[in-house]
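**Student:** Below: one structure in structure tokens.
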Amino acid sequence: MIAWPLYDGFAPAFLKDESTDISQSYRNVPEQTVYSNNIELFNTLKNLVVDGKFTLFISTKDENNQVKLKTIKAKELVEAPDRFDRFGTTLLLSRYNLIHPNSKFITFQEVEFSQLSIDDCAKKCNEQVGFDCNMFEFCYQTGDCRLRRYTENEKPTNFTTDLNCDIYEKDALSHYNQFRSHVSVNEKDLKYVPVNNPSECARKCDKETKINCKSFNYCPVTYACYLSESHLTDASSNLNKNSTCDHFSRKFLSDFTYVATSEIKLIGEVVFNDANLEACSAYCVTAEGIRCKSFEYCESSKTCILNSGSSNVIVSPNVPTDKCGHYRREYFYETNEYYNFKTKSDKSKGVLIGLSIAFSIVSVAGGILGTIFFLTKKN
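Residue numbers for the sequence shown, in my numbering: 8 to 386.
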């Protein structure tokens, strides 16, 4: 909360109306800040929280009845919104779109919670372990929160009218990092025009079958969307400054699903020290000489262990251990249509080849049997 100085036991006033008389209540306060409306006040507080300058001083008494001043610093700003405003109270809700207002699911949900705020519901969807949460339903009066795996496009949802509930869907931008006013230009980039917003461009990147889309550039002035096979950290990418286009690069961690946490020995095929979780996921995706299928990240020791599943590692009894989270590489294939399309094509080719071989064998066998029958008949 705000680090406002205290004057004669009072703090500066936050008032809704400029015409309010504050002289009687705060005569001893040398400085005042008066806000004309709540929006101006809210934006000011939000900026202070982001800058780490929001502090609240509270007077308390200890066991000896002595007055002590406690300091509490705010980490995020939470607003209690009106039911029908549907404002995001924190940044957690900014990556979700309200797709069905005044509605709730009537089909089975994977996970359900109760007595949550809408921000807590969005957080549950973000941090869900076991499946990739893409939609949630929130009912305001009861705080009921229901999570779903599929998006509206992937699996149309049956829903019914309920004035107390809303249905939100995760924005396609949720697994991309944005770099403002930067573009990564490549001659092979696919161009789509017109594209209305970055979210639509992100969906095109996810669903593209012509290339393995790792990033995209969106230019709001021209409504142009450029899909690229280059990732921001690829050696082949060319990052330039541009005032009209933004670059969006797929998060490496979005390629993985968290499985479980367990105590393991800090040894593996490839081990990195002093790493963070995002860097560890990047190491797995970009690793050379190893087809990385999963990784373990140990938060306490900041150790990153890459695994391909094809190499046997000799474990020494003196190797230290740590609690590590296991992440399986699979999410990228679920959200990128290129791999799904390529896999289906490869399977189709395999089936055709198999059928061709089968028919060839049948034809040869038929020819041999026909020859034997002819010779037998002739004799």
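Idealized CB from N, CA, C, for every residue including glycine. Computed from a prediction, not measured in an experiment: that's the story for all the values here.
1) Given that a residue counts as buried once 16 or more other Cβ atoms are within 10 Å of its Cβ, and exposed if not, what is residue 119?
2) Just to confirm, are residue 134 and residue 110 a CB contact at a threshold of 9 Å?
3) Per the DSSP calculation, residue 152 is bridged to which residue(s)?
4) Whose CA, out of 288, 296 and 324, lies closest to the CA of residue 335?
5) Measuring CB to CB, does residue 284 end up less than 9 Å from residue 297?
6) Let me know if residue 198 comes out buried or exposed under the rule of 16 or more other beta-carbons within 10 Å of its beta-carbon.
7) Please state whether DSSP places residue 134 in a helix, a strand or coil.
8) Measure the CB-CB distance between residue 253 and residue 212 and report whether it falls below 9 Å.
9) Could you tell me the distance, in whole angstroms, from the CA atom of residue 66 to the CA atom of residue 73?
10) Using CA coordinates, which residue listed in 176, 122, 71 and 190 is at the minimum distance from residue 139?
11) Using 8 Å as the threshold, is the region 227-235 in touch with the region 262-282, meaning 3 or more CB pairs across them?
12) Of the residues 79, 69 and 68, which one's Cα is nearest the Cα of residue 59?
13) Can you give me the start and stop residues for the beta strand (DSSP E) that residue 114 sits inside?
14) So is residue 129 buried or exposed if we call it buried at 16+ other beta carbons inside 10 Å?
15) Going along the chain, which residues of its own chain have a beta-carbon closer than 7 Å to the beta-carbon of residue 166, five neighbours each way excluded?
16) Once the 5 residues before and after residue 258 are set aside, which same chain residues still bring their CB inside 6 Å of it?
17) Looking at residue 306 and residue 275, is the spacing between their C-beta atoms short of 9 Å?
18) Where DSSP assigns a beta bridge to residue 259, which residues make up the other side?
19) So, for residue 329: in the same chain, excluding its five sequence neighbours on each side, which residues have a beta-carbon less than 8 Å away from its beta-carbon?
20) Using CA coordinates, which residue listed in 117, 303 and 126 is at the minimum distance from residue 102?
21) According to DSSP, is residue 242 helix, strand or coil?
22) Between which two residues does the alpha helix (DSSP H) holding residue 213 run?
23) Which residues in the same chain as residue 277 place their Cβ atom closer than 7 Å to its Cβ, once the five residues preceding and following it in sequence are excluded?
24) For residue 5, report the span of its beta strand (DSSP E) as first-last.
25) Indicate the three-state DSSP secondary structure (helix, strand or coil) for residue 200 in the structure shown.
26) Excluding the five sequence neighbours on either side, which residues of its own chain have a C-beta within less than 8 Å of the C-beta of residue 82, listed in chain order?
27) Measure the Cβ-Cβ separation of residue 223 and residue 255 and say whether it is below 9 Å.
28) When the Cα of residue 251 is compared with those of 303, 188 and 156, which residue comes out closest?
**Tutor:** Quick look at the numbers:
1) Taking the first residue of the sequence shown as position 1, residue 119 is located at position 112. By the 10 Å Cβ count, residue 119 comes out exposed.
2) In the sequence shown, residue 134 corresponds to position 127, counting from 1. In the sequence shown, residue 110 corresponds to position 103, counting from 1. One thing to note: residue 134 has its Cβ no nearer than 9 Å to the Cβ of residue 110.
3) Within the sequence shown, residue 152 is the residue found at index 145, counting from 1. BP columns for residue 152 point to 120 and 145.
4) On the sequence shown, residue 335 is found 328 positions in, with the first residue counted as 1. When each option's Cα is compared against that of residue 335, the closest is 288.
5) Within the sequence shown, numbered from 1, the residue matching residue 284 stands at position 277. Within the sequence shown, numbered from 1, the residue matching residue 297 stands at position 290. Contact annotation: residue 284 and residue 297 have beta-carbon atoms that are not nearer than 9 Å.
6) Position 191 of the sequence shown holds residue 198. For residue 198, the number of other beta carbons within 10 angstroms of its own is below 16, and it is reported as exposed.
7) Translated into positions along the sequence shown, residue 134 becomes position 127. Judged by DSSP in its simplified three-state form, residue 134 adopts coil rather than helix or strand.
8) Along the sequence shown, one-based indexing puts residue 253 at 246. Along the sequence shown, one-based indexing puts residue 212 at 205. For residue 253 and residue 212, no; Cβs fall outside 9 Å.
9) Taking the first residue of the sequence shown as position 1, residue 66 is located at position 59. Taking the first residue of the sequence shown as position 1, residue 73 is located at position 66. Answer to the nearest angstrom: the Cα atoms are 10 Å apart.
10) What you label residue 139 is simply residue 132 of the sequence shown in a count that begins at 1. Nearest C-alpha to residue 139: 176.
11) no
12) Your numbering for residue 59 matches position 52 in the sequence shown. Of the listed residues, the one whose Cα sits closest to residue 59 is 79.
13) Taking the first residue of the sequence shown as position 1, residue 114 is located at position 107. Careful: residue 114 lies outside any beta strand (DSSP E) and carries neither H nor E.
14) Locating residue 129 in the sequence shown gives position 122, counting from the first residue. Buried is the call here.
15) Along the sequence shown, read from residue 1 onward, the residue named residue 166 stands at position 159. These residues qualify, in order along the chain: 107, 110, 111, 112, 113 and 174.
16) Residue mapping note: residue 258 aligns to position 251 of the sequence shown, counting from 1. Here the set comprises 182 and 184.
17) Residue 275 sits at position 268 when you count from the first residue of the sequence shown. Residue 306 sits at position 299 when you count from the first residue of the sequence shown. Note that the C-beta distance between residue 275 and residue 306 is not below 9 Å.
18) Your numbering for residue 259 matches position 252 in the sequence shown. Answer by DSSP bridge pairing: none, since residue 259 is not bridged.
19) Position 322 of the sequence shown, counted from the first residue, corresponds to residue 329. If you ignore the 5 residues before and after residue 329, its C-beta comes within less than 8 Å of the C-beta of 270, 271, 273, 305, 307, 308 and 310, all in its own chain and listed in chain order.
20) By one-based count along the sequence shown, residue 102 stands at place 95. The shortest Cα separation from residue 102 among 117, 303 and 126 belongs to 126.
21) If you number the sequence shown from 1, residue 242 lands on position 235. Here residue 242 scores only 43 on pLDDT, less than 50, and its place in the model should not be relied on; the value that follows carries that caveat. In the three-state scheme derived from DSSP, where H, G and I count as helix and E and B as strand, residue 242 is classed as coil.
22) Translated into the one-based positions of the sequence shown, residue 213 becomes position 206. Residues 205-214.
23) Start at 1 with the first residue of the sequence shown, and residue 277 comes out as number 270. Around residue 277, the same chain offers 294, 297 and 313 as residues with beta carbons nearer than 7 Å, after the five sequence neighbours per side are excluded.
24) The question about residue 5 has no answer here: the residues shown for the chain are numbered 8 through 386.
25) Within the sequence shown, residue 200 is the residue found at index 193, counting from 1. The DSSP-derived three-state label of residue 200 is coil.
26) The residue labelled residue 82 in the question sits at position 75 within the sequence shown. If we look at residue 82 and ignore the five residues flanking it on each side, its Cβ neighbours are 56.
27) By one-based count along the sequence shown, residue 223 stands at place 216. By one-based count along the sequence shown, residue 255 stands at place 248. Cβ distance < 9 Å, so residue 223 and residue 255 count as in contact.
28) To locate residue 251, count along the sequence shown from 1; it is residue 244. When C-alpha distances from residue 251 are compared across 303, 188 and 156, the shortest belongs to 188.
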